[in-house]
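J.:
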Amino acid sequence: MTNLTAAVLDPLLKADPMGPRITYYDDATGERIELSTVTLANWAAKTANLLRDELGAGPGTRVAVLLPAHWQTAAVLLGAWWIGAEVVLSGAADLALCTSERLDEADEAVAGGEVAVLSLDPFGKPAPDLPIGVTDYATAVRVHGDQYSAELRPGAALEGRSVDDVLAAAANCAAASGLAAGDRVMSSLPWSTADDAVANLLAVFVAGASLVQVVNPDPAALERRRVTEKVSRDL
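Have a look at this one:
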């Protein structure tokens, strides 16, 4: 059977392992983080190991990802799919990864299951003042290995959709948007629904392109950024 993360990352690692794969901007804070394909894969592997070894996840586990469009969210999604888990973006789940602001939502979703909180801090600072029993992602993930062997018998990948269905939908979205290998794609679009995640993240990677994800975009900076980042497509 096909593993979604392997199907997405393996061609990218072969084609351009060291080139930028996701470049993240937050114009409200001035943050800019760029990850190569190798670095993104390493973060995804560390997340996969955390999910499996500390949080008890595996094929068929429903993992709620209650996170914004962020480079760490990309690593979480790819990590969950690497272990064969099913990502859900709302509703009931077995475990959840969330921001502090969505901790109550995560607790309700898992009904006593494991919860990990991401601070999304660019320097890897832990989330402050977490309740007892809640895992701090930044602290926990750093001790895990950065390699992972893909689960070859995954369950559903994304809110009931199979791996093959998700890959086909991503390829269709890439074609509809005119994305091609080597494109630099700039976007401020969310990943908050299954369709969003497919069209605004996975389609870029399935096409062999790289993503410039901008949150809190400053309109005055967009044209300059389009030049400096060599953007060839916009979503």
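Residues in the sequence shown are numbered consecutively from 789, following the working numbering. Glycine included, each C-beta is placed from N, C-alpha and C at the ideal position. These figures come from a predicted structure and were not determined experimentally.
Nearest-angstrom Cα distance between Ala982 and Asp841?
T.: Locating residue 982 in the sequence shown gives position 194, where the first residue counts as 1. Locating residue 841 in the sequence shown gives position 53, where the first residue counts as 1. Roughly 26 angstroms separates the two Cα atoms.
J.: Whole-angstrom Cβ separation of Leu838 and Ala928, contact assumed at under 8 angstroms?
T.: By 1-based counting over the sequence shown, the position of residue 838 is 50. By 1-based counting over the sequence shown, the position of residue 928 is 140. The pair is a contact, with the Cβ atoms about 6 angstroms apart (cut-off 8 angstroms).
J.: My guess is that Cys886 and Glu893 are in contact by the Cβ rule of under 8 angstroms, so how many angstroms apart are they, rounded?
T.: Taking the first residue of the sequence shown as 1, we reach residue 886 at position 98. Taking the first residue of the sequence shown as 1, we reach residue 893 at position 105. That belief holds up - the Cβ atoms of Cys886 and Glu893 are roughly 7 angstroms apart, short of 8 angstroms.
J.: Which term fits Leu989, buried or exposed, when burial requires 16 or more other beta carbons within 10 angstroms of its beta carbon?
T.: Counting from one through the sequence shown, the residue named residue 989 turns up at place 201. Classification for Leu989: buried.
J.: Looking only at C-alpha atoms, which of Leu999, Gly943, Gln935, Asp971 sits nearest to Pro847?
T.: Position 59 of the sequence shown, counting from 1, holds the residue named residue 847. It is Gly943.
J.: Pick helix, strand or coil for Tyr936, following the three-state DSSP scheme.
T.: For the purposes of this step, residue 936 is taken as residue 148 along the sequence shown, with counting starting at 1. Note: Tyr936 maps to coil in three-state DSSP.
J.: Does the Cβ of Phe911 have 16 or more other Cβ atoms within 10 Å, making it buried, or fewer, making it exposed?
T.: Taking the sequence shown and counting its residues from 1, one reaches residue 911 at position 123. By the 10 Å Cβ count, Phe911 comes out exposed.
J.: Quick check: the Cα distance between Leu883 and Pro808, rounded to an integer number of angstroms?
T.: Translated into positions along the sequence shown, residue 883 becomes position 95. Translated into positions along the sequence shown, residue 808 becomes position 20. Their backbone Cα atoms lie some 31 angstroms apart in a straight line.
J.: On the DSSP bridge assignment, give the partners of Gln1001 in chain order.
T.: Numbered from its first residue, the sequence shown carries residue 1001 at position 213. According to DSSP, Gln1001 bridges with Tyr812, Ser975.
J.: Around the Cβ of Asn1004, are there at least 16 other Cβ atoms within 10 angstroms (buried) or fewer (exposed)?
T.: Indexing the sequence shown from 1 puts residue 1004 at position 216. Asn1004 should be labelled exposed.
J.: With 16 other CB atoms within 10 Å as the buried threshold, where does Gln860 fall?
T.: Residue mapping note: residue 860 aligns to position 72 of the sequence shown, counting from 1. Buried is the call here.
J.: Tell me whether Glu889 is buried or exposed, calling it buried when 16 or more other Cβ atoms sit within 10 Å of its Cβ.
T.: What you label residue 889 is simply residue 101 of the sequence shown in a count that begins at 1. Flag for Glu889 reads exposed.
J.: To the nearest angstrom, how far is it from the Cα of Met789 to the Cα of Asp804?
T.: Numbered from its first residue, the sequence shown carries residue 789 at position 1. Numbered from its first residue, the sequence shown carries residue 804 at position 16. Computed Cα separation, rounded: 25 angstroms.
J.: Where Thr817 and Leu999 are concerned, what is the direct C-alpha to C-alpha distance, given to the nearest angstrom?
T.: As a first step, residue 817 is located in the sequence shown; it is residue number 29 there, counting from the start. As a first step, residue 999 is located in the sequence shown; it is residue number 211 there, counting from the start. Each residue's alpha carbon lies about 19 angstroms from the other.
J.: When the Cα atoms are used, what is the spatial distance from Asp1006 to Arg1014?
T.: Residue 1006 sits at position 218 when you count from the first residue of the sequence shown. Residue 1014 sits at position 226 when you count from the first residue of the sequence shown. In a straight line, the C-alpha of Asp1006 is about 12 angstroms away from that of Arg1014.
J.: What beta strand (DSSP E) runs, 3 residues minimum, are completely inside the stretch 824-900?
T.: Taking only runs of at least 3 residues, the beta strand (DSSP E) segments lying wholly in the stretch 824-900 are 850-854, 874-876, 883-886.
J.: Under 8 angstroms between the Cβ atoms of Leu854 and Thr825?
T.: Residue mapping note: residue 854 aligns to position 66 of the sequence shown, counting from 1. Residue mapping note: residue 825 aligns to position 37 of the sequence shown, counting from 1. Cβ distance not < 8 angstroms, so Leu854 and Thr825 don't count as in contact.
J.: When you compare only the Cα positions, how much space is there between Phe993 and Glu1011?
T.: For the purposes of this step, residue 993 is taken as residue 205 along the sequence shown, with counting starting at 1. For the purposes of this step, residue 1011 is taken as residue 223 along the sequence shown, with counting starting at 1. Each residue's alpha carbon lies about 23 angstroms from the other.
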